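Numbering (my numbering), first residue to last: 2 to 195. We put the CB at the ideal spot given by N, CA and C, even for glycine. Remember, predicted model here, so these are calculated numbers, not experimental data. Note sheet for the following structure.
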Amino acid sequence: MFPWFSFLTYAVVTAVTPGPNNILSLSNGSRKGFRGALPFNWGIFVGFAVVMLLCTLFCSVLSALIPKIKFPMLVAGAAYMLYLAWHTFRDTGKLGEGESRSGFLSGLLLQFINPKIYLYCILSMQAYILPFYQGQPLILTAFALLLAFIGFLFTLCWSAFGSVFRWLFSRHARVVNTIMALLLVYCAVSLFFS
């Protein structure tokens with residue numbers, strides 16, 4: 002049976018934590034409001050979907066050609082989650098604005114240089130999805146689009162509630178980061194028991 006709880010926990014925790022998409026969406030939402038940030042967010046969604054589909058194809062082909070890759074990928078994925086958990090736990094919660102870009106093209110192109118979403122898809126595919134749906138292109142495509150949609154929803158949240166999230170993370174950083182870190186540790190451990 003597919004481990005929906007573990008998969009969705011991983012996908013949501015990874016999508017909601019700060020990364021290039023979320024921080025720039027927060028910044029654009031704070032500066033331009035929700036509507037003004039929408040072109041950037043739509044660019045993120047389109048780019049995210051393209052990257053998820055390409056990563057899914059790559060992982061599917063790789064898993065079919067090298068079936069023994071699952072365990073090393075699980076170990077690498079668990080190590081990456083524990084790394085994220087450690088850095089999330091240690092984070093102070095201070096978000097730098099950096100330079101915000103706001104157009105569709107900026108959001109689209111950002112996806113091709115955003116390492117967080119590559120790891121997000123590769124780990125999701127190798128640890129959760131391919132063991133159950135290898136060789137089923139329609140289902141794999143649906144999962145790739147689901148991953149992109151989850152990421153898109155949280156960039157919209159970061160845009161819509163930019164000032165609230167900024168206040169929340171800076172004021173309650175220790176509690177929020179501890180919860181996120183523990184959820185990532187849970188996801189890392191659950192990889193080996195699904």
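- Contact between the stretch 4-20 and the stretch 118-129 is present: three or more C-beta pairs spanning the two stretches fall below 8 Å.
- Pairing P4 with L184, the inter-Cα distance amounts to about 15 Å.
- Annotation for A65: Q135 and G136 place their beta carbon closer than 8 Å to its own, counting only its chain and skipping 5 residues before and after.
- Looking from the CA of F6, the closest CA among G37, L75, Y129 and L157 belongs to Y129.
- Looking at the backbone, the Cα of F113 and that of C56 are separated by about 11 Å.
- DSSP, read as helix, strand or coil, puts F6 in helix.
- Taking 8 Å as the upper bound for CB-CB distance, A149 and A79 are not in contact here, some 24 Å apart.
- Look at I130 here: in three-state DSSP terms it is helix.
- Pairing S26 with G108, the inter-Cα distance amounts to about 9 Å.
- Put simply, of S160, T179 and G152 the residue whose alpha carbon is nearest the alpha carbon of V52 is G152.
- In this structure, the CA atom of P132 is about 11 Å from the CA atom of F72.
- Boundaries of the alpha helix (DSSP H) harbouring G34: P21 to L66, taken from the DSSP string.
- Around the beta carbon of W87, a 10 Å sphere encloses fewer than 16 other beta carbons of the protein chains shown; the residue is thus reported as exposed.
- Ranked by Cα distance from I24, the first of N115, Y187 and R36 is N115.
- Spatial neighbours of A50 in its own chain (CB-CB distance under 7 Å, excluding positions within 5 residues in sequence) are listed in chain order as L146 and A149.
- Comparing alpha-carbon positions, the option among T10, N22, V62 and Y187 lying closest to S160 turns out to be N22.
- Close CB contacts of F46 within its chain, under the 7 Å cut and outside five residues either way in sequence, are with A149 and F153 (chain order).
- The residue among Q127, T142 and S191 with its C-alpha nearest the C-alpha of L63 is Q127.
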